[in-house]
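Everything below concerns the one structure shown next.
Residue numbers (my numbering): 357 to 586.
Shown next, in the form of structure tokens:
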């Protein structure tokens, strides 16, 4: 990821302040706006495996959308947001949610190869070190597992890119970032040839959000791959 992108992403103190502000109203403000993308994410994640780790679970907006037969563990850096999610789980309507933890996504405490699939809903733009995040995901992911990402991710340049750079300081003040490009993920994939970009598509009807699936190749395929991944 470029220094420009890193500098536009809020630090942890800014994030915590923003999350404390948003936690009481987050569901009402974002629930409808993000619903279609969250449903697509949950559908892809549910089809990739039973043991699911959701990173950036927030207030738990995506939790009801995972298959009932799944085993979901959720983590978030914000105790204020996570408190809302725990309240929803405590009501008893989400038996597939097995645990929720306050935890740093780049330094989790899970054993290696713990999950079939890792779900990243609208969080990758908020973590400065994309490579470290994805490497931690790879560590706790089982062989042939998948990382599924939904967020505002651009591979554009020119006018669109300049607009996103202009609004970045505003987004930063509310705990968001609009300056994340696909480059950071592609750089990580080049360094980790056991993974490949299995899917990259916009989500209708607006196409504002993008869904990515990073799939881990089978051990046999990885052994045959060249250092460049081709």
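Even for Gly, the Cβ is constructed at its ideal location relative to N, Cα and C.
- Of all alpha-carbon atoms in 442, 440, 479, the one lying nearest the alpha-carbon of residue 394 is that of 479.
- Beta-bridge partners assigned by DSSP to residue 409: 429, 474.
- Contact check between the region 458-470 and the region 421-431: three or more CB pairs, one atom from each, fall below 8 angstroms, which counts as touching.
- For residue 567, the secondary structure class from DSSP, reduced to helix, strand or coil, is strand.
- Taking all protein chains shown into account, residue 568 has 16 or more neighbouring C-beta atoms within 10 Å of its C-beta and is therefore buried.
- For residue 494, there is no enclosing beta strand (DSSP E); the residue is part of the alpha helix (DSSP H) that begins and ends at 486-496.
- In the three-state reduction of the DSSP assignment, residue 403 falls in the coil class, being assigned neither a helical nor a strand state.
- Non-local C-beta neighbours of residue 397 in its own chain, meaning closer than 7 angstroms and more than five positions away in sequence, comprise 418, 475, 477, 504, 506, 567, ordered along the chain.
- At the C-beta level, residue 422 and residue 401 come within 8 angstroms of one another.
- Residue pairing from DSSP places residue 504 in a beta bridge opposite 475, 569.
- Fewer than three beta-carbon pairs drawn from the region 440-454 and the region 479-488 are found closer than 8 angstroms, and the two stretches are therefore not classed as touching.
- In this structure, residue 468 sits away from residue 501, with a CB-CB distance that is not shorter than 8 angstroms.
- Between the alpha carbons of residue 495 and residue 440 lies a distance of about 28 angstroms.
- Per DSSP, reduced to three states, the secondary structure at residue 553 is strand.
- Beyond the five residues adjoining it in sequence on each side, residue 557 comes within less than 8 angstroms, by CB distance, of 566, 567 in the same chain, given in chain order.
- Here residue 560 carries a coil assignment [DSSP, helix/strand/coil].
- In this structure, residue 572 places its C-beta atom within 8 angstroms of the C-beta atom of residue 497.
- Residue pairing by DSSP places residue 469 in no beta bridge whatsoever.
- Each of 499, 561, 539 was checked against the Cα of residue 551, and the nearest Cα belongs to 499.
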